[in-house]
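*Asks:*
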Amino acid sequence: MEYIKNIREKCPLIHFITNYVTVNDVANAALAIGGSPIMTDEILDAPDMQNICNALVINTGTLNKNTVESMIASGKRANELGHVVVLDPCGAGATPYRNEVIRKLMDEVKFDCIKGNISEIKALANVSSKTNGVDASDADQATRENLKDVFKFAKELSKATGAVIAITGVIDVIADSKNAYTTDNGCREMRAITGTGCMTAGVIAASLVANPSDKLKAVTAGVVALGLAGELAKEYAKGTGTLHIGLIDELSNMDDIKLEKGAKIERFEI
Amino acid sequence: MEYIKNIREKCPLIHFITNYVTVNDVANAALAIGGSPIMTDEILDAPDMQNICNALVINTGTLNKNTVESMIASGKRANELGHVVVLDPCGAGATPYRNEVIRKLMDEVKFDCIKGNISEIKALANVSSKTNGVDASDADQATRENLKDVFKFAKELSKATGAVIAITGVIDVIADSKNAYTTDNGCREMRAITGTGCMTAGVIAASLVANPSDKLKAVTAGVVALGLAGELAKEYAKGTGTLHIGLIDELSNMDDIKLEKGAKIERFEI
Amino acid sequence: MEYIKNIREKCPLIHFITNYVTVNDVANAALAIGGSPIMTDEILDAPDMQNICNALVINTGTLNKNTVESMIASGKRANELGHVVVLDPCGAGATPYRNEVIRKLMDEVKFDCIKGNISEIKALANVSSKTNGVDASDADQATRENLKDVFKFAKELSKATGAVIAITGVIDVIADSKNAYTTDNGCREMRAITGTGCMTAGVIAASLVANPSDKLKAVTAGVVALGLAGELAKEYAKGTGTLHIGLIDELSNMDDIKLEKGAKIERFEI
């Protein structure tokens, strides 16, 4: 498949309602992979922005009452228009308010992909009314030993929500109701840069817009692209500052040949 | 002229009400060229901040009800104090709300410079009551072929608003009611970094404060400085991450000798 | 002492209510030194976030009515829980609103450390009801000549507030009611990067959590770490862009051997 080529040709316009911590990196990562980002979170503005966009990414990192209202309204508008919608439930589980917001988002918006680390995804599964009966995995992270458990959890969550579930960690698990991919890309040092998860959500959205025929593969390509960019940057980075900048460089130079060559993925029926 | 030297000597204190996507770059670009940035957008705080500043830059990128109120009140205060005021109508035309905000800003604040890409500037011309009778150009961007059309549009808009009009693109057009400069500085890759336009607005403001005798030239110097910094960084950048950082490096090392040597400008009577 | 080792082992979770200009650097600096940052400023969310954190940093840079409410409520919660609380009174003195906010924060929250440049610290001393009788220093910055005057001011302010006072400048002064350190680390070029002060506050918070036995030394270690990182980066930086990135690299590579070797500190009884 030509995941990256398709992104660069279609240049998806992605509307982000995202946290102010990593927003600059999110925008630059979206541009680097060939998309076009636009950020707005005002209720009078955000839903209308969907009219000219191809996708919406909702990230709950620095949510507030006003932006939550815009997340829901924009999500509904995106659903009406059939746009790609990605949820990054950043910080889910950390506070009662975050859980309440996640519940509302899950109730009112349909997502094409839900991406988070395992504790965020478990918190989401625990609070959403859609996910009654989904047993949150006991796993604290996906390992070779507990993969079946994580697959079962992701599969049930995907069934309940209709979304591709991307659980990021040392091993990333990307699953729908039938199949899963694991990816081993990325490097330990990436955890010491803020925003790699937020950037991944944007790259996933771009990939879903440009590669609509197989959502599971499109999400997996997005997750791999980010991880691989970090790995490549790691080779010459002198610390987390240059790793951060190198990651953007590598995303901007990413192509399908590099992606295919560098992808450490495995496919499972689940 | 000693545009950059004057900025570094006067160190203009610039108040920004700007979007949270590129705000860090905007601050670092203002510092790099020799200015001093301060950001605040709370209505109880922002207008008073003008008392200690030399200029105001208003950018509508991630506007909201609260910050729009601050933009207008701070703009009026800046006008009362005779400070330089620059408008970057980021995203003008994208939604009805943005157009309404642009209309209000144009009605209530007088700008020394309005800077945007051609679609933003056309949207602004279409919504402002001040610009009745200004025929928005048909051009989608300024080219060698349609320059006269773009000049005519910019000239009328400058007459109607009293502002220097800076239309950025592959060719930048900077015009007042009598004269225009075109600049060919910059590189294609800069479009894949968010914030180059936002940074330009800040550098323009610094240049206008430090070089008040000829506003058209002062704005042109600011536009050229940004473009040239990108060109110089392009020579060694390995991707959009290092281009972004190199651009700030080059701005911090910019001087009038480099500016004069590197400027690809042409002057027109219009 | 093993200041940095302790931070990397304990990985303090630090809640920041901070300005949106430098927030990305603040998060990356906290990660680079071995801490873990989380940002939230919504009143329904922020106080609860203290339940899972070790520290709170309040920075008034881009304050607004909503975030000020969260600063006070989160500060009180942090105090109840016995967490480290650091105040960075960014922009104190610039407007009446900032002074009013600083007064409220000083009235309602107890701080372990207050860090700012001398004009911010003087403004804080002037507005706080706790600091009646503290004579603000006449000094515009700490120099070898006026050190005694600055020490006296910092000592009185520390007595009145119970906080370690960190006054940053060409010479940094860190003082409690009995002792002071001066540090000569850092380089002139760091003033041309936004956010070095904001990052310092986060590194101080991490150091205070991990090194609770001697607060004065813990704060000093944080101030030195930032300055030294800048110095080391200065050796190879090509401008303020690469200085900025190099500073994060150097923080991520910092250890106690480098810190001890590079620290230019002097201790005084005051």
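Residue numbers (this note's numbering), protein chains in the order written: chain R, 1 to 270; chain B, 1001 to 1270; chain U, 2001 to 2270.
Even for Gly, the Cβ is constructed at its ideal location relative to N, Cα and C.
#1: Is the beta carbon of I171 (chain R) sitting closer than 8 Å to the one on A154 (chain R)?
#2: Is it buried or exposed for R1144 (chain B), if we count other Cβ within 10 angstroms and need 16 for buried?
#3: If we ignore side chains and look at the alpha-carbon of each, how far apart do L1243 (chain B) and C198 (chain R) end up?
#4: Rounded to the nearest angstrom, what separates K2076 (chain U) and G2082 (chain U) at their Cα positions?
#5: Does DSSP put Y1181 (chain B) in a helix, in a strand, or in coil?
#6: With 8 Å set as the bound, which would you pick, yes or no: does the beta-carbon of K238 (chain R) sit closer than that to a beta-carbon of chain U?
#7: Note down, one range per segment and in chain order, each beta strand (DSSP E) of at least 3 residues found wholly within the region 91-169 of chain R.
#8: Hey, how far is the Cα of L44 (chain R) from the Cα of K1104 (chain B)?
#9: What does the alpha-carbon distance come out to for the pair V2173 (chain U) and A2237 (chain U)?
#10: Between R:A229, R:S70 and R:V86, which has its C-alpha nearest C113 (chain R)'s C-alpha?
#11: Measuring straight from C-alpha to C-alpha, what distance separates V2224 (chain U) and A2029 (chain U)?
#12: Can you pull the DSSP bridge partners for A37 (chain R)?
#13: Within 10 angstroms of its Cβ, does D41 (chain R) collect 16 or more other Cβ (buried), or is it exposed?
#14: Output, in chain order, the set of chain R residues within a Cβ distance shorter than 8 Å of K1122 (chain B).
#15: State the CB to CB distance for the pair G1241 (chain B) and G246 (chain R), rounded to an integer number of angstroms; the pair is presumed to be in contact (CB under 8 Å).
#16: Can you pull the chain R neighbours of S2252 (chain U), defined as C-beta to C-beta under 8 Å?
#17: Specify, as a first and last residue, the run of the alpha helix (DSSP H) that L1259 (chain B) falls within.
#18: Taking N24 (chain R) as the query, report the chain B residues whose CB atoms sit under 9 Å from its CB, ordered along the chain.
#19: With distances taken Cα to Cα, identify the nearest neighbour of G2227 (chain U) among U:K2258, U:N2099, U:D2048 and U:M2039.
#20: Taking the C-alpha atoms as reference points, what is the distance between P136 (chain R) and N126 (chain R)?
#21: Counting beta carbon pairs with one atom in the region 1050-1063 of chain B and one in the region 2204-2221 of chain U, are three or more of them shorter than 8 Å?
#22: What first and last residue would you give for the beta strand (DSSP E) that runs through A175 (chain R)?
#23: So E235 (chain R) is in the beta strand (DSSP E); what residue range does that whole segment cover?
#24: From F16 (chain R) to A206 (chain R), what does the alpha carbon distance come to, in whole angstroms?
#25: By DSSP's criteria, N2059 (chain U) is part of a beta bridge. Which residues make up the other side?
#26: Can the beta-carbon of G1239 (chain B) be found closer than 8 Å to that of I4 (chain R)?
#27: Run the CB neighbour count on E1108 (chain B), radius 10 Å, all protein chains shown included, and call it buried at 16 or more, exposed below.
#28: Please name the residue in B:A1180, B:G1230, B:T1200 and B:C1090 whose C-alpha comes closest to that of E1266 (chain B).
#29: Taking L2124 (chain U) and P2089 (chain U) to be in contact with their CB atoms under 8 Å, please state how far apart those CB atoms are, rounded to whole angstroms.
#30: Have a look at the DSSP bridge pairing and note the partners of I1052 (chain B).
#31: Taking all protein chains shown into account, do 16 or more other C-beta atoms lie within 10 angstroms of the C-beta of N132 (chain R), making it buried, or fewer, making it exposed?
#32: List the whole-angstrom C-beta distance separating I2193 (chain U) from L1031 (chain B), where the pair is believed to meet the contact cut-off of C-beta under 8 Å.
#33: Given a threshold of 16 other Cβ atoms within 10 Å of its Cβ, counted over all protein chains shown, does S1129 (chain B) qualify as buried or as exposed?
#34: What does I271 (chain R) touch in chain U if you count any residue whose Cβ is under 8 Å from its own?
#35: With 16 other CB atoms within 10 Å as the buried threshold, where does K2065 (chain U) fall?
#36: Secondary structure at E266 (chain R), three-state DSSP: helix, strand or coil?
*Replies:* Taking the structure as given:
#1: no
#2: exposed
#3: 22 Å
#4: So the alpha carbons of these two residues sit roughly 10 Å apart.
#5: In the displayed model, Y1181 (chain B) falls within a strand according to three-state DSSP.
#6: yes
#7: 113-117 and 164-168
#8: Going by the C-alpha atoms only, they are around 15 Å apart.
#9: 27 Å
#10: R:V86
#11: The alpha-carbon atoms of V2224 (chain U) and A2029 (chain U) are separated by roughly 14 Å.
#12: In the sequence as presented, Ala is not what sits at residue 37 (chain R); that position holds Pro. P37 (chain R) is bridged to R:I14.
#13: buried
#14: Ordered by position in chain R, no residue passes the 8 Å Cβ test against K1122 (chain B), which lies about 15 Å from the chain.
#15: 6 Å
#16: A192, G239, T240 and G241
#17: That run of the alpha helix (DSSP H) goes D1256 to G1262.
#18: Y1020, V1021, T1022, V1023, N1024, D1025, T1194 and G1195
#19: U:K2258
#20: One detail in the question is off: residue 136 (chain R) reads as Ala in this sequence, not Pro. CA-CA distance, A136 (chain R) to N126 (chain R), rounds to 7 Å.
#21: Flag = no, the region 2204-2221 of chain U and the region 1050-1063 of chain B do not touch.
#22: D172 to A175
#23: Bounds of any beta strand (DSSP E) do not take in E235 (chain R), whose DSSP letter is neither H nor E.
#24: 12 Å
#25: U:D2088
#26: no
#27: Exposed.
#28: B:A1180
#29: 5 Å
#30: Paired residues: none, contrary to the question.
#31: By the 10 Å Cβ count, N132 (chain R) comes out exposed.
#32: 7 Å
#33: exposed
#34: Nothing in the structure corresponds to residue 271 (chain R), since chain R is present only between 1 and 270.
#35: exposed
#36: Secondary structure at E266 (chain R): strand, using DSSP grouped into helix, strand and coil.
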